[in-house]
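Numbering (UniProt numbering), first residue to last: 1 to 329. Glycine is no exception: its CB is placed at the ideal position from the N, C-alpha and C atoms. Take a look at the structure below.
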Amino acid sequence: MSSSQSKLDLAARAAWMYYVAGNTQNEIAERLGISRQMAQRMVAYAGASNLVKVQITHPVSSCLELAQGLRQRYGLEVCSVVPNAVDPAAGGGAHDANPREAQEVQQMLAVAGAEVMEQYLGREMPLIVNVGSGRTLKAAIEKISEMERPQHQIVSMIGAFASDGSANRYDVALLAAEKLQARFYLLPAPRVAENEADRKQWCNHRAYKIVTGLAEKADVTFLGIGTIALQGAMHEDGFIDDAEVAQLQQQGAVGEMICHAFDAQGKLLRSSLSSRITTPPLNARPDKPVIALAGGSKKAEAVRAALRGGWLTGLVTDEVCARHALLDQ
């Protein structure tokens, strides 16, 4: 790589950290292994080189290579990789050493995810849009520009409430509908029913069948990827308890999408959870766009598993997850 290209890469990385992740110049210097003066100059150089407008216009070259690698290995139609807050070429510190990793990755994924989503949502032709849930997906939708698309139909793939009647904090379909001034369809059921008989009762309701019927016809689907772990989203929100987390992990579960748990090869698992979830089924090798937004070191195994399972046609992720997904294992 030429010295000018390397300088642009470093400037773009610093610009991402400063303008998107909200790092101070001291934090940038520490994480990139450079002086504060150099960090300041790199941010200034990014501006002088017209890299910084509304978005970072010069993508880090390693991210481009990783995105291309993911497309080729997993047959993705869409792939965007955002940079780490550590420059591997400069021998920066371990990603895990950054206590703000999750927050920073989420902010960067939100910007990149919003850009990908707008490519679909901005279309004039009427669309049925499936939307899952999750913090990153919510953050991305918050970044989407408001636009008048009343012809679109936004369908939530996640049950609207918990078994105790409380609302799902990360159900983002309504937020998307408000951004687009579009029609919104919620899934009239708890995300996880109390038992299998209860699930069948919810899923046989006429309103439920109308919404899931729409979901089956969706033109594009946007999902998050979660982990099966203590303090993972499913556990934190009370949909599975400690015992179920342990049981699923014993079965090999590493991740989930819209509550469907899968192992390291992306194979869906039959469990007490699978018999109680009300979310629509996932389709392997989908013929319509299914795009996931997820990143961070804690999700690396789950992201790779989702790709291995063939559940996705598109992915917005970070360097950590992208590199892990390309490992030969």
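Short of 7 Å in beta carbon distance, which residues of its chain neighbour A102, apart from the five on each side in sequence? Order them along the chain. So the qualifying residues of the chain are G296.
Cβ neighbours of L10 in the same chain (closer than 6 Å, five flanking residues each side left out): For L10, the CB contacts under 6 Å within the same chain, skipping 5 residues up- and downstream, are M42 in chain order.
Is there contact between the segment 194-204 and the segment 284-294, where contact requires at least three CB pairs shorter than 8 Å? The segment 194-204 vs the segment 284-294: no contact.
Could you pull the start and end residues of the beta strand (DSSP E) that D263 belongs to? Where D263 is concerned, the enclosing beta strand (DSSP E) stretches over 260-263.
Return the chain-ordered list of same chain residues with a C-beta closer than 7 Å to the C-beta of I158, the five sequence neighbours on each side being excluded. Non-local C-beta neighbours of I158 in its own chain, meaning closer than 7 Å and more than five positions away in sequence, comprise G132, S133, N168, D171, L187, R191, I258, T279, ordered along the chain.
Compare the beta carbon distance of R323 and L51 with 9 Å and say whether it is the shorter of the two. Cβ atoms of R323 and L51: not closer than 9 Å.
With the cut-off set at 9 Å, would you say V155 and A229 are in Cβ contact? No, they are not a contact pair.
Following the continuous beta strand (DSSP E) through Q153, name the residue where it begins and the one where it ends. Note, Q153: beta strand (DSSP E), 153-161.
If you draw a straight line from the alpha carbon of S6 to that of A39, how long is it in whole angstroms? Cα to Cα, S6 sits roughly 14 Å from A39.
Helix or strand or just coil, what does DSSP make of G69? If DSSP states are grouped into helix, strand and coil, G69 belongs with the helices.
So, helix, strand or coil for V60, using DSSP? DSSP places V60 in coil when its eight states are reduced to three.
Whole alpha helix (DSSP H) runs in the segment 278-311 with 4 or more residues, listed along the chain? Here the runs fully enclosed are 300-308.
Rounded to the nearest angstrom, what separates V303 and V320 at their Cα positions? Roughly 10 Å between the two C-alpha positions.
Relative to the C-alpha of A253, which residue among A306, S4, A218 is closest? Among A306, S4, A218, the Cα nearest to that of A253 is on A306.
Among V245, V81, K138, nearest to E178 - alpha-carbon criterion: The closest CA to that of E178, considering only V245, V81, K138, is found on K138.
Helix or strand or just coil, what does DSSP make of V254? Strand, per DSSP.
To the nearest whole angstrom, what separates the beta carbons of L315 and L70, a pair I think is in contact under 8 Å? Cβ atoms of L315 and L70 come within 8 Å of each other, at about 6 Å.
Beta-carbon spacing of E124, S145 below 9 Å: In this structure, E124 lies away from S145, with their beta-carbon atoms at least 9 Å apart.
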